[in-house]
Every structure is written in C-alpha cells, then in structure tokens.
Amino acid sequence: MTVEEYQVGQLWSVAEASKAETGGGEGVEVLKNEPFRNYPLLDGRYSCGQYTHKIYHLQTKVPTIVRTCAPKGSLAIHEEAWNAYPYCKTVLTVG
Numbered sequence: 014m015t016v017e018e019y020q021v022g023q024l025w026s027v028a029e030a031s032k033a034e035t036g037g038g039e040g041v042e043v044l045k046n047e048p049f050r051n052y053p054l055l056d057g058r059y060s061c062g063q064y065t066h067k068i069y070h071l072q073t074k075v076p077t078i079v080r081t082c083a084p085k086g087s088l089a090i091h092e093e094a095w096n097a098y099p100y101c102k103t104v105l106t107v108g
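With my numbering applied, the sequence shown covers 14 to 108.
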C-alpha cells in the first residue's frame, strides 16, 4: 500500500465514521471542507492540504448528569483542522 492509498483510506474512514454518528441534529456538522494553500504549518514544511471546520454536537452523546450540569453551549465542540498529510494541525474550542 502506498502513502497516497493510505491517505485516501484514512479520509474515507473519517468520513464514514462522521456519517455514522450524525442524525437527528446531533453528531458532526461540517461547516467547511476545502483545500488550503499558502498556510505554513510546522515551520513552513507543509503549506497546502485540506481545511475542515466541524462542530461536534454532543448533547445526546453524554450522560444525563453531564447534560444537566453543563453550561449552555458547552456541548458543542468546534474543530478546525489543517490536514497537510502526514501532518495535521487541529484546534478545538468550546461553544
């Protein structure tokens, strides 16, 4: 298996897992999925790849006690990722 074949398989696996966890307003919401260029990562060694911005809606994915105690909006996790295979920078924020 080549590195390129592995990358395609990895992207497919992530997409399928996201699809399986999505439904009824819960799961993964993809806001952006687009190529990026001229965004230097890892001291400029990687500058192009795929950018994604997703929101993970976790309201029904956590135990009731967590839903009860969690502040409003805290169960929506934003993920921004710059995937310049094999390097990926991911930033997670709440709300």
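Ideal Cβ placement from N, Cα and C applies to all residues, glycine included.
First and last residue of the alpha helix (DSSP H) that includes residue i?
i	result
R80	T77 to C82
For residue i versus residue j, is the C-beta distance shorter than 8 Å?
i	j	result
T65	A94	yes
E47	Y69	no
N96	G62	yes
L71	L88	yes
Compute the Euclidean distance between the alpha carbons of residue i and residue j, then round it to the nearest angstrom.
i	j	result
V75	T103	22 Å
S60	I78	43 Å
V16	V27	17 Å
A30	Q20	15 Å
L54	P84	34 Å
Y100	V107	23 Å
K32	C82	28 Å
R80	Y52	37 Å
What distance in whole Å lies between the Cβ atoms of residue j and residue i, which are believed to be in contact at a cut-off of 8 Å?
i	j	result
K67	E42	6 Å
Would you give the residue range spanned by the beta strand (DSSP E) that residue i belongs to?
i	result
Y100	Y100 to V107
K45	G40 to L54
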